[in-house]
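Residue numbers (the numbering used here): 741 to 1065. Don't be surprised by glycine CBs; every beta carbon is placed ideally from N, CA and C. Just so you know, these numbers come straight off a predicted model, no measurement behind them. Written out below as structure tokens is the structure these notes cover.
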């Protein structure tokens, strides 16, 4: 079977499509024939070696995949069943989805929800699952469509694009922040009401600024997140899920103790199966058909290394779907 294999040589990460055997697959109780995968920011860091994501080589990257069960030793899954996998360290510590076949732990799999197929599931992927979890965090924080404007940072990327589409579908007024204003038409077509330039958030945040946002989905971290927190409305909630702009947070306690602001971290890697199933069900129900056309570029396995470089350079909009079969 074909797989994208990462190897290390003289401290450099080398990525190439190679033939591997089923005997080389890691341990697991379910084997899946993969038809679709995707790549996101974390995958790109791993594939290019620009992030210390992979510690054991050789490794097959790809933190998510959709496919058909080939064989199963677990009664929850049977041959021919359509399944999704995201997270759980797959593609980092366990061979992942950028291959024709994977062997994994049954606990990591989610049955395909009604209304989705394998291709659509990977257009959504880890990024879309994370976006849905962020939206759920806003809802659980009491942010309603009538509460006021909701901000989405990094809106041109996979998480941001999906968050814009989901929030619009749920009736929220969405302002999208992007460093690539040439994507404004794309973001408006997904449902953003306003598109804001990232530069307008570049000044260092004051402890408190004018209240602007009822809620926010942030993929940036760093100075941008600090600015957003300072601008939150009273009782506002920020769902933070990324660090594209830095892992530090130069803020104060002022927004939290004077405006009752909530900062909710969102992780999609280790969340429970029950939470995953709930999120996938809502994704299947909420995302409009045009999302799957607007938010996707499709590549093959051999295109992955070059696309990973482009993704880290900010040259990729929306989701990158990888055709495996």
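- When only Cα atoms are considered, residue 823 and residue 1033 end up about 22 angstroms apart.
- Residue 1038 and residue 897 have their alpha carbons spaced roughly 15 angstroms apart.
- By the criterion of a C-beta distance shorter than 8 angstroms, residue 1042 is surrounded in its chain by 757, once the five residues flanking it on both sides are discounted.
- Taking residue 885 as the centre and dropping the five residues before and after it, the same chain places the C-beta of 911 and 912 closer than 6 angstroms to its C-beta, in chain order.
- Contact check between the region 999-1015 and the region 804-814: fewer than three CB pairs, one atom from each, fall below 8 angstroms, which does not count as touching.
- The beta-carbon separation of residue 977 and residue 962, rounded to 19 angstroms, does not stay under the 8 angstroms limit for a contact.
- When the Cα atoms are used, residue 964 and residue 941 turn out to be separated by approximately 6 angstroms.
- Boundaries of the beta strand (DSSP E) around residue 1059: 1059-1063.
- In this structure, the beta-carbon distance from residue 957 to residue 890 falls below 9 angstroms.
- Across the structure, residue 850 and residue 765 are spaced so that their CA atoms are roughly 20 angstroms apart.
- When the five nearest sequence neighbours on each side are left out, the beta carbons in the same chain lying within less than 8 angstroms of the beta carbon of residue 1013 are those of 847 and 850, in order along the chain.
- Around residue 983, the same chain offers 961 as residues with beta carbons nearer than 6 angstroms, after the five sequence neighbours per side are excluded.
- In terms of CA proximity to residue 986, 894 leads the group 894, 844 and 788.
- Membership of residue 877 in the alpha helix (DSSP H) is indicated by the continuous run 858-880.
- Listed in chain order, the non-local C-beta contacts of residue 754 below 6 angstroms within the same chain comprise 747, local neighbours out to five positions each way being set aside.
- Residue 841 is bridged by DSSP to 773.
- Comparing alpha-carbon positions, the option among 917, 762 and 789 lying closest to residue 1049 turns out to be 789.
- Its Cα nearest to that of residue 900, the residue 923 stands out among 880, 882, 883 and 923.
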